[in-house]
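>
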Amino acid sequence: MFNEGFSFVLQTMQHLNIVIGQQSKGFADNYDKRRIEQQERRSLDATKEARTFRQQEKTAQLEQFEEEEGLLYGPGIAD
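Take the sequence shown: its position 42, counting from 1, is numbered 42 in full-length UniProt numbering, and each next residue is one higher.
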């Protein structure tokens, strides 16, 4: 059902005897196209590697900041 994209909604509307216009069909096609393109970008190995690298950089930067500045909040700091 969900893997069929928005066209499933159009099929359901058709089974309910709802008239489907050109705008609805165009919207469904465009929606499915964007959804597929987005998923293809996410599944690229280069993209996954880049996301992993950015996450590692961010983690390292936060750890470095914590070492330089010290813990800014936590239990017992205000005491």
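Just so it is clear, CB atoms sit at the ideal spot from N, CA and C, and this is done for glycine as well.
Taking 7 Å as the limit between beta carbons, can you name the residues of its chain near ILE20, skipping five residues before and five after?
Cβ neighbours of ILE20 beyond the five flanking positions: LEU10, MET13, GLN14.
> For GLY26, which three-state DSSP category applies?
Three-state DSSP puts GLY26 in a helix.
> Measuring only the C-alpha atoms, how far is ASP45 from ILE18?
Those two C-alpha atoms are separated by around 42 Å.
> Between which two residues does the alpha helix (DSSP H) holding VAL19 run?
VAL19 -> no alpha helix (DSSP H), and no H or E assigned at all.
> Excluding the 5 residues preceding and the 5 following LYS25 in the sequence, name in chain order all residues of the same chain whose CB lies nearer than 8 Å to its CB.
Excluding residues within five positions, the ones whose Cβ falls inside 8 Å are LEU10.
> Taking PHE6 and TYR31 to be in contact with their CB atoms under 8 Å, please state how far apart those CB atoms are, rounded to whole angstroms.
Their Cβ separation, rounded to whole angstroms, is 5 Å, which keeps PHE6 and TYR31 in contact under 8 Å.
> Rounded to the nearest angstrom, what separates SER43 and PHE8 at their Cα positions?
Distance between the alpha carbons of SER43 and PHE8: 24 Å.
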